[in-house]
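**Student:**
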Amino acid sequence: MSLMNQNETLAYIGFEFPQNKDQLVSLKRLFENYQFKSRVEEVDPEKIIERLKLKKANKPKGADYFKRTVLAAEIVSQLSKDRSMGHLKLEKMIYLCKHFVGMQIYTSFAKHQMGPYDPQLIRSIDNQFENRKWFKYDQDSTPKYIPLDKLGEHEALLDKYFSKEKSKLEFIIKTFGKFNAEQIELVVTIYDCWLKLIEECETFSHDIIVEKIYAWSKHKEIFERKRIIRAIDWMKEKKIVPK
1 MSLMNQNETL
11 AYIGFEFPQN
21 KDQLVSLKRL
31 FENYQFKSRV
41 EEVDPEKIIE
51 RLKLKKANKP
61 KGADYFKRTV
71 LAAEIVSQLS
81 KDRSMGHLKL
91 EKMIYLCKHF
101 VGMQIYTSFA
111 KHQMGPYDPQ
121 LIRSIDNQFE
131 NRKWFKYDQD
141 STPKYIPLDK
151 LGEHEALLDK
161 YFSKEKSKLE
171 FIIKTFGKFN
181 AEQIELVVTI
191 YDCWLKLIEE
201 CETFSHDIIV
211 EKIYAWSKHK
221 EIFERKRIIR
231 AIDWMKEKKI
241 VPK
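For the sequence shown, the UniProt record's numbering begins at 1 and goes up steadily by one.
1) To the nearest angstrom, how far is it from the Cα of residue 58 to the Cα of residue 119?
2) Please state the DSSP three-state secondary structure of residue 236.
3) So the candidates are 190, 136, 151; which of them puts its Cα closest to the Cα of residue 214?
4) If you compare alpha carbons, which of 205, 166, 217 is closest to residue 98?
5) What's the C-alpha gap between residue 181 and residue 88?
6) Could you please give me the residues that DSSP links to residue 115 through a beta bridge?
7) Between the Cα of residue 153 and the Cα atoms of 134, 141, 161, 147, which residue gives the shortest distance?
8) Roughly how many angstroms lie between the CA atoms of residue 169 and residue 197, to the nearest whole one?
9) Using only the alpha-carbon positions, how far apart do residue 76 and residue 45 sit?
10) Provide the residue span of the beta strand (DSSP E) that contains residue 137, from first to last.
11) Report back the beta-carbon spacing between residue 115 and residue 185 to the nearest angstrom; my notes put them in contact at under 8 Å.
12) Where does residue 145 sit, in a helix, a strand or coil, going by DSSP?
13) Using the Cβ count rule (16 or more neighbours within 10 Å means buried), how would you classify residue 86?
14) The alpha helix (DSSP H) with residue 96 in it runs from where to where?
15) In its own chain, which residues sit with a C-beta less than 8 Å from the C-beta of residue 236, not counting the 5 before and 5 after it?
16) When the Cα atoms are used, what is the spatial distance from residue 137 to residue 222?
17) Could you check if residue 234 is buried or exposed, using at least 16 other CB atoms within 10 Å of its CB as the buried criterion?
18) Among 239, 171, 157, 216, whose alpha-carbon lies nearest the alpha-carbon of residue 71?
19) Need the endpoints of the alpha helix (DSSP H) that residue 82 sits in, please.
20) Could you give the residue range of the alpha helix (DSSP H) that holds residue 214?
21) So for residue 189, helix, strand or coil by DSSP?
22) Taking the straight line between their C-alpha atoms, what separation do you get for residue 82 and residue 179?
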């Protein structure tokens, strides 16, 4: 495979090196609070190799990456005039599509300052948007996603990949389309903390969720306790909760 083709493949899945100032700033912001906390002497090479083998066996195919691009195109298309639609809000809506709606899309959300985040996901989507002439992302523009000539091609593909989930997708777009980035950040962070409680068989309570929100990162201190409580109650009322 030529170097050019290798770069195109990496860009397709979101693993390319930063190509411009916006991507470089985004990468620096993403890892500004990163700390390596593992004890090197306790790292088990054999376990690492086994995990890598398992990942290779479950490696997503090109269609898996494309499905999430189609999903993102529908979200951005419906919210094309939304001034708050950017990387953070789009990622959070995709998170809900996967974990709340149950869409079968490949993502690798991890714990980052602004909540669950997958940096490779958003870079892959931006590259595919531009390559297919659907959208171009411009950090300095409002809205940030600028429609291109072939926008709308994704609609038939949406029916192909997500026909069974379209009504729930509409619910997500209608509900969170009016949220700003900070509001949806809080909801999705609560959802992820709540989901971890269920996975770890812990008992739910407002206090535990609040505690986990503040333990997430120092950034979460922008959310007052009463605001977190209101958000939890709103999620319960709307039935936007993990099962």
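Note that the Cβ used here is the ideal one computed from N, Cα and C, for glycine as well.
**Tutor:** Reading it off the structure:
1) Counting from one through the sequence shown, the residue named residue 58 turns up at place 58. Counting from one through the sequence shown, the residue named residue 119 turns up at place 119. For residue 58, the predicted model reports a pLDDT of 44, less than 50, meaning its position is unreliable; a value from the coordinates is still stated below. In a straight line, the C-alpha of residue 58 is about 20 Å away from that of residue 119.
2) Looking up residue 236 in the sequence shown gives position 236. Residue 236 falls in the helix class under three-state DSSP.
3) Reading the sequence shown from its first residue, position 214 is the one you call residue 214. Nearest C-alpha to residue 214: 190.
4) Stepping through the sequence shown from its first residue, residue 98 is reached at position 98. Selected option, being the one with the closest Cα: 166.
5) Numbered from 1 along the sequence shown, position 181 holds the residue referred to as residue 181. Numbered from 1 along the sequence shown, position 88 holds the residue referred to as residue 88. Cα to Cα, the separation comes out at about 6 Å.
6) Position 115 of the sequence shown, counting from 1, holds the residue named residue 115. Its beta-bridge partners are 112.
7) Counting from one through the sequence shown, the residue named residue 153 turns up at place 153. Residue 153 has its Cα closest to that of 134, out of 134, 141, 161, 147.
8) The residue labelled residue 169 in the question sits at position 169 within the sequence shown. The residue labelled residue 197 in the question sits at position 197 within the sequence shown. For residue 169 and residue 197, the distance between alpha carbons rounds to 25 Å.
9) Within the sequence shown, the letter at position 76 stands for residue 76. Within the sequence shown, the letter at position 45 stands for residue 45. Their Cα atoms are separated by approximately 42 Å.
10) Taking the first residue of the sequence shown as position 1, residue 137 is located at position 137. Run containing residue 137: 135 to 137, per the beta strand (DSSP E) assignment.
11) Counting from one through the sequence shown, the residue named residue 115 turns up at place 115. Counting from one through the sequence shown, the residue named residue 185 turns up at place 185. Indeed, because the Cβ distance is near 5 Å, the residues count as touching under 8 Å.
12) As a working note, residue 145 is residue 145 in the sequence shown. Strand, per DSSP.
13) Residue mapping note: residue 86 aligns to position 86 of the sequence shown, counting from 1. Buried, by the Cβ-count rule.
14) On the sequence shown, residue 96 is found 96 positions in, with the first residue counted as 1. Here the alpha helix (DSSP H) through residue 96 covers 87 to 96.
15) Reading the sequence shown from its first residue, position 236 is the one you call residue 236. Once the five neighbours on either side are set aside, residue 236 has no close Cβ partner at all.
16) Working through the sequence shown from its first residue, we reach residue 137 at position 137. Working through the sequence shown from its first residue, we reach residue 222 at position 222. Their Cα atoms are separated by approximately 28 Å.
17) Numbered from its first residue, the sequence shown carries residue 234 at position 234. Exposed.
18) Taking the sequence shown and counting its residues from 1, one reaches residue 71 at position 71. Residue 157 is the option with its Cα nearest to residue 71.
19) Working through the sequence shown from its first residue, we reach residue 82 at position 82. Unbroken run through residue 82: none, as it is neither H nor E.
20) Here residue 214 is taken as the residue at index 214 of the sequence shown, counted from 1. 206 to 216 is the extent of the alpha helix (DSSP H) around residue 214.
21) Numbered from its first residue, the sequence shown carries residue 189 at position 189. Residue 189 falls in the helix class under three-state DSSP.
22) By one-based count along the sequence shown, residue 82 stands at place 82. By one-based count along the sequence shown, residue 179 stands at place 179. Each residue's alpha carbon lies about 10 Å from the other.
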